[in-house]
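**Student:** Input: one structure, supplied below.
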Amino acid sequence: SNNNNNNNNNDEFGNRSINSNNADFFARSTSTPRNNSQQRNQSLKHYLDDLDQVWREQQRKIRELEQLCQEQRQRLKEKQEELERLKHQHELELEMERQRILKLRDEDLDEERRRQQLQMAKALDEERTRLEGRVDEERKRLTALFEQELEAEAFRLRQEMDNTLEDERQRLLKMLSAETAEERKRINEKVKSAFEEEKKKYQALMERQAAEEKWQQQASHQTSLEVALKQHQLLLEEEKKRHRAEIEAALEEERASQKRREDLSFDDQRRQERLKQQALFEEEKVSLDKKHAEALEAEKRLREQLEVEIQQERARMKQQRDDDLAAERKWGKQREEELERRYVTLLKKQEAELLDKAQEAERDLFSLKIDMQRLRETSAGLAAEAAILRVGGEGEKRESTLKTESLTLLQRKFADNQAAFDAREAQVQVQLEEMQQLGTALVSKHEDALSQVAALKQANLRLERELAGLRSERG
Numbered sequence: 001s002n003n004n005n006n007n008n009n010n011d012e013f014g015n016r017s018i019n020s021n022n023a024d025f026f027a028r029s030t031s032t033p034r035n036n037s038q039q040r041n042q043s044l045k046h047y048l049d050d051l052d053q054v055w056r057e058q059q060r061k062i063r064e065l066e067q068l069c070q071e072q073r074q075r076l077k078e079k080q081e082e083l084e085r086l087k088h089q090h091e092l093e094l095e096m097e098r099q100r101i102l103k104l105r106d107e108d109l110d111e112e113r114r115r116q117q118l119q120m121a122k123a124l125d126e127e128r129t130r131l132e133g134r135v136d137e138e139r140k141r142l143t144a145l146f147e148q149e150l151e152a153e154a155f156r157l158r159q160e161m162d163n164t165l166e167d168e169r170q171r172l173l174k175m176l177s178a179e180t181a182e183e184r185k186r187i188n189e190k191v192k193s194a195f196e197e198e199k200k201k202y203q204a205l206m207e208r209q210a211a212e213e214k215w216q217q218q219a220s221h222q223t224s225l226e227v228a229l230k231q232h233q234l235l236l237e238e239e240k241k242r243h244r245a246e247i248e249a250a251l252e253e254e255r256a257s258q259k260r261r262e263d264l265s266f267d268d269q270r271r272q273e274r275l276k277q278q279a280l281f282e283e284e285k286v287s288l289d290k291k292h293a294e295a296l297e298a299e300k301r302l303r304e305q306l307e308v309e310i311q312q313e314r315a316r317m318k319q320q321r322d323d324d325l326a327a328e329r330k331w332g333k334q335r336e337e338e339l340e341r342r343y344v345t346l347l348k349k350q351e352a353e354l355l356d357k358a359q360e361a362e363r364d365l366f367s368l369k370i371d372m373q374r375l376r377e378t379s380a381g382l383a384a385e386a387a388i389l390r391v392g393g394e395g396e397k398r399e400s401t402l403k404t405e406s407l408t409l410l411q412r413k414f415a416d417n418q419a420a421f422d423a424r425e426a427q428v429q430v431q432l433e434e435m436q437q438l439g440t441a442l443v444s445k446h447e448d449a450l451s452q453v454a455a456l457k458q459a460n461l462r463l464e465r466e467l468a469g470l471r472s473e474r475g
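Next comes the structure, spelled out in structure tokens:
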């Protein structure tokens with residue numbers, strides 16, 4: 001606005017100086033002495049000098065405006081480079097911090113897992129030792145039991161054991177099939193939720209890229225306006241050169257006619273011709289002045305129009321950037337709240353699943369204890385059978401055979417129960433590890449989302465500060 005005011009003032013000053021010189025020129029050219037031609041030439045020279053001065057002043061102002069635009073573009077480019085560098089540095093720092101946190105969390109989880117495994121192995125060893133001791137005690141005690149109902153009791157126990165084992169096998173098969181279906185369903189839900197999350201991230205990225213492309217189009221539009229302004233300035237410069245050439249040609253023609261008139265007589269016919277030529281020259285000069293004034297007025301109008309368009313474009317770009325920042329800030333806040341709600345829901349669900357699996361493991365352990373009790377009863381029956389056979393005279397061979405069969409049956413049953421218990425324990429341990437890994441991944445995603453939201457907030461603050469700085473510089 002200051003430059004426009006200066007241009008208007010300089011144009012008015014140049015017009016006043018040119019008009020005053022024209023008045024002097026007309027006053028001198030209408031006088032009758034012989035030195036009128038020299039005075040008129042001097043006036044034309046002053047008029048051309050004034051035109052040159054005004055033209056140089058306009059060129060200086062145009063160069064100042066171009067230099068100012070170049071400096072503004074350079075500062076904007078430097079600030080954009082600084083923003084990119086800070087953004088890259090911040091991303092590197094966030095990545096390093098995330099790697100360090102993940103490493104520490106993995107170390108803590110490994111230590112906790114080793115400690116739990118040691119405790120569980122110690123408890124299993126103690127339980128095995130206790131069970132072996134109790135089996136030995138029961139074997140010693142069962143040799144003195146009554147011997148009357150050996151065959152019937154042994155047959156009944158065998159039938160009951162077979163039925164129990166079959167029922168247990170069917171129950172375990174049903175449980176494993178149900179757990180497999182539930183696990184498959186849960187994995188499918190996880191994959192589906194992860195796919196939806198990635199889809200939303202991709203859509204947000206595409207929206208951000210579209211906003212950046214729109215911003216680049218606006219910058220190219222502003223560049224095209226600047227190019228149009230330069231082209232108009234070049235056209236004005238060519239118009240000024242053409243006007244000056246026409247004025248110089250008219251001066252040369254006037255000098256030639258003046259020389260011819262000096263050689264001729266000062267009769268009435270020559271005087272009338274000179275007055276006629278002078279009138280034509282004055283009309284030509286008035287026409288040139290009018291064209292020059294029209295060119296200046298057109299330049300002024302175009303400059304004002306370009307200035308208004310630039311101001312409107314800047315206001316629109318500022319409003320659009322403010323809208324984009326507000327929308328991005330709102331989206332970040334909604335995203336943070338949604339992640340927090342999902343994280344709390346998943347934690348509650350994980351706790352419920354872990355509690356159910358712990359209760360199921362306790363039920364399995366209780367059923368294994370019942371099986372051990374039945375094994376003890378079976379061992380007692382077999383020992384009683386061995387005692388009856390020994391008393392009845394079957395001999396040492398039959399007693400040894402029964403002992404071997406009972407011991408083999410006990411070992412096989414104990415091995416089966418121990419294998420089932422170990423398999424169930426391993427399955428529960430794997431499920432616990434999966435739950436811990438899932439919880440760790442959820443915590444990591446939640447922290448990453450919080451860090452991204454914080455980075456977006458910092459970037460928004462930096463952009464707002466830069467916009468405020470640009471407004472203050474423009475003011």
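Here UniProt numbering is used: the first residue of the sequence shown is 1, the next is one more, and so on.
Beta carbons are placed, not taken as given, at the ideal position from N, Cα and C, and that holds for glycine.
(1) So which of Glu284, Arg303, Glu254 and Glu246 has the shortest CA-CA distance to Val227?
(2) If you draw a straight line from the C-alpha of Leu346 to the C-alpha of Glu466, how long is it?
(3) Alpha carbon to alpha carbon, how far is residue 490 from Lys77?
(4) Do Glu189 and the ligand MN come close, with the Cβ less than 7 Å from some heavy atom?
(5) When you compare each of Arg412, Gln119 and Lys241 to Lys291 by their alpha carbons, which one comes out closest?
(6) Expressed to the nearest angstrom, what Euclidean distance is found between the alpha-carbon atoms of Thr30 and Lys285?
(7) Out of Ser37, Gln320 and Asp125, which has the shortest C-alpha to C-alpha gap to Glu252?
(8) Assign Glu107 to buried or exposed, taking buried as 16 or more other Cβ atoms, counted over all protein chains shown, within 10 Å of its Cβ.
(9) Anyone know if the C-beta pair for Ala211 and Asp324 falls short of 8 Å?
(10) So, is Gln166 buried or exposed, given that buried needs 16 or more other C-beta atoms within 10 angstroms?
(11) Under 8 Å between the Cβ atoms of Leu51 and Arg314?
(12) Look at the Cβ atom of Ala455, then the Cβ atom of His90, and state whether they are nearer than 8 Å.
(13) Around the C-beta of Leu275, are 16 or more other C-beta atoms found within 10 angstroms, so that it is buried, or is it exposed?
(14) Hey, how far is the Cα of Leu44 from the Cα of Trp55?
(15) Are the Cβ atoms of Leu83 and Arg321 separated by less than 8 Å?
(16) If you measure between the beta carbons of Ala295 and Glu246, is that distance less than 8 Å?
(17) Could you compute how far the alpha carbon of Lys348 sits from the alpha carbon of Arg114?
(18) With DSSP as the reference, label Ala23 as helix, strand or coil.
(19) Check each candidate in Asn41, Gln272, Glu95 and Ala279 and name the one with the smallest Cα separation from Ser451.
(20) What's the gap between the Cα of Glu360 and the Cα of Ala352?
(21) Alpha carbons only, please: which of Glu237, Gln117 and Leu86 is nearest the one belonging to Ala298?
(22) Using the Cβ count rule (16 or more neighbours within 10 Å means buried), how would you classify Gln58?
(23) In chain order, what residues of the same chain have a beta carbon less than 8 Å from the beta carbon of Lys79, not counting five sequence neighbours either side?
(24) Look at the alpha carbon of Arg342 and the alpha carbon of Gln99, and state the distance between them as a whole number of angstroms.
(25) When burial is assigned at 16 or more other CB atoms within 10 Å of the CB, is Thr32 buried or exposed?
(26) Cα separation between Leu235 and Asn41?
**Tutor:** In brief:
(1) That would be Arg303, whose Cα lies nearest to the Cα of Val227.
(2) One C-alpha to the other measures close to 41 Å.
(3) Only positions 1 to 475 of the chain appear in the structure, and residue 490 is not among them; the question remains open.
(4) Absent from the structure shown: the ligand MN. Ligands present: none.
(5) Among Arg412, Gln119 and Lys241, the Cα nearest to that of Lys291 is on Lys241.
(6) Note that Thr30 scores a pLDDT of 45, beneath 50, so its modelled location is shaky; the value from the coordinates is reported in the next line. Cα to Cα, the separation comes out at about 15 Å.
(7) The option with the nearest alpha carbon to Glu252 is Ser37.
(8) By the neighbour-count definition (other C-beta atoms within 10 Å, threshold 16), Glu107 is an exposed residue.
(9) Their beta carbons are under 8 Å apart, which means Ala211 touches Asp324 by this criterion.
(10) The question names Gln, yet the displayed sequence has Glu at residue 166. Burial call: exposed.
(11) Pairing Leu51 with Arg314 gives a Cβ-Cβ distance that is not under 8 Å.
(12) Yes, Cβ-Cβ distance for Ala455 and His90 is below 8 Å.
(13) The C-beta of Leu275 has fewer than 16 other C-beta atoms within 10 Å across all chains shown, which makes the residue exposed.
(14) Roughly 16 Å between the two C-alpha positions.
(15) Taking 8 Å as the Cβ cut-off, Leu83 and Arg321 do not qualify as a contacting pair.
(16) Going by C-beta atoms, Ala295 is not nearer than 8 Å to Glu246.
(17) Lys348 and Arg114 have their alpha carbons spaced roughly 26 Å apart.
(18) Confidence is the limiting factor: at Ala23 the pLDDT is only 44, short of 50, which leaves the residue's position unreliable, though a coordinate-based value still follows. Ala23: helix per DSSP, three-state reduction.
(19) Measuring from the Cα of Ser451, the nearest candidate turns out to be Glu95.
(20) Those two C-alpha atoms are separated by around 12 Å.
(21) For the residues Glu237, Gln117 and Leu86, the minimum Cα distance to Ala298 belongs to Glu237.
(22) Buried, since its Cβ has 16 or more Cβ neighbours within 10 Å.
(23) Apart from the 5 residues on each side of it in sequence, Lys79 sits with its Cβ closer than 8 Å to the Cβ of Glu466 in its chain, given in chain order.
(24) Their backbone Cα atoms lie some 24 Å apart in a straight line.
(25) Reliability fails at Thr32, whose pLDDT of 47 lies under 50, so the model's placement of it is uncertain and the value that follows must be treated cautiously. Classification of Thr32: exposed, given that the 10 Å Cβ count is below 16.
(26) If I take the Cα positions, the gap works out to 29 Å.
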